[in-house]
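So the sequence shown is residues -24 to -1, 1 to 244, counted in mature numbering (1 follows the signal peptide of the UniProt record, and there is no 0).
Even glycine gets a Cβ: it sits at the ideal position worked out from N, Cα and C.
In what follows, a structure is listed as structure tokens, so that the remarks can point back to it.
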Amino acid sequence: MFLQGSLLLLGFTCFLALFQAAVGIECGPGEKVSLRRDKCEPCPPKQYRPKQGDYVECLNCVECKNSREVAPCTSIANTKCECWEGFSQLPGSKEVCRCNKGSGIEPLGNGENTCKPCPNGTFSNRFNGICQPWSKCDHNGIMVPGTNSFDVICQTTPKNAVTKVSALTSTPHPAIVTHQTSANASTMASTRTATTKKLVSTGTTKQMQLQHWLVPLSCVLALLLIQLAIIKLKVKTCFQKNKTGVIRQDSCGKPVEESGEKFIPPAV
């Protein structure tokens, strides 16, 4: 009876675990589902969750870059930022700002910076850069004038002038090549970072899904083991009973001889 009662209790517990695993629970804003998926937990510090759902992770709060913090991050809302003067928002982001090409960063002295267009005679060929003076061409003269985002190209000696002009017709502006290389490197770095985050997130999600079904599967395995033990015990008990019955039947089939001398009646 005790074994059967324990089996019923374990079966009921496994049923509840399977039911919770199949149905799941939902948590409100600022909360996440626990790893065992049996309750809601508040988001850790510097993380948030803006809406209700069955999420097992909270989102990381962003840090303001080249911008000032307007509203801090809470458990239900991300950080709100405002770009510094002259900076513009990075495409696809409301928290990260940058100083565009053709402009340079200047410190204000209060912990913030400002972004101003490069004055005449200077240039900046990268994001978040500073304005640098154009190159001096001395006596050779200028072949291509500079802009606020490209340096000047100086004229070479007459011997190499034709070669230089021919090269310019087929080769982009060196500054443009530099910008393209920098942009490609930045794009590749962003792609690698996004891919790495996706792989980590996928691995974390798979691990949580495995933990999510671990308890129900363990219960089912325990039920099967207990059921096999009960069947084995019943078979063993029946075998012993049948063996005892055969022994008793054999003992009743043969008479037991009494010990001692036989009685012989006297002759008349």
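Quick test of your reading: CYS34 and ARG44, contact by CB under 8 angstroms. State the CB separation rounded to the nearest angstrom.
Not really, about 25 angstroms apart at Cβ, beyond 8 angstroms.
What's the C-alpha gap between GLY4 and GLY85?
43 angstroms
Ignoring anything shorter than 3 residues, give me the beta strand (DSSP E) runs that lie fully in the stretch 71 to 114, in order along the chain.
79 to 83, 89 to 93
Using CA coordinates, which residue listed in GLN65, SER64, ASN36, GLY62 is at the minimum distance from ASN54?
ASN36
Does the pairing of the stretch 21 to 33 with the stretch 65 to 74 give three or more beta-carbon distances under 8 angstroms?
no
How long is the line joining the alpha carbons of PRO121 and ASN104, rounded to whole angstroms?
23 angstroms
Host beta strand (DSSP E) of LYS8 (start-end):
7 to 9
The beta strand (DSSP E) spanning GLU61 covers which residue range?
From DSSP, GLU61 is part of no beta strand (DSSP E); its letter is neither H nor E.
Looking at the structure shown, is SER43 part of a helix, part of a strand, or coil, going by DSSP?
strand
Rounded C-alpha distance that separates ALA47 from LEU193
46 angstroms
Contacts around THR50, its chain only, beta-carbon distance under 8 angstroms, and the 5 residues preceding and following it disregarded
GLY6, TYR24
For VAL196, which three-state DSSP category applies?
helix
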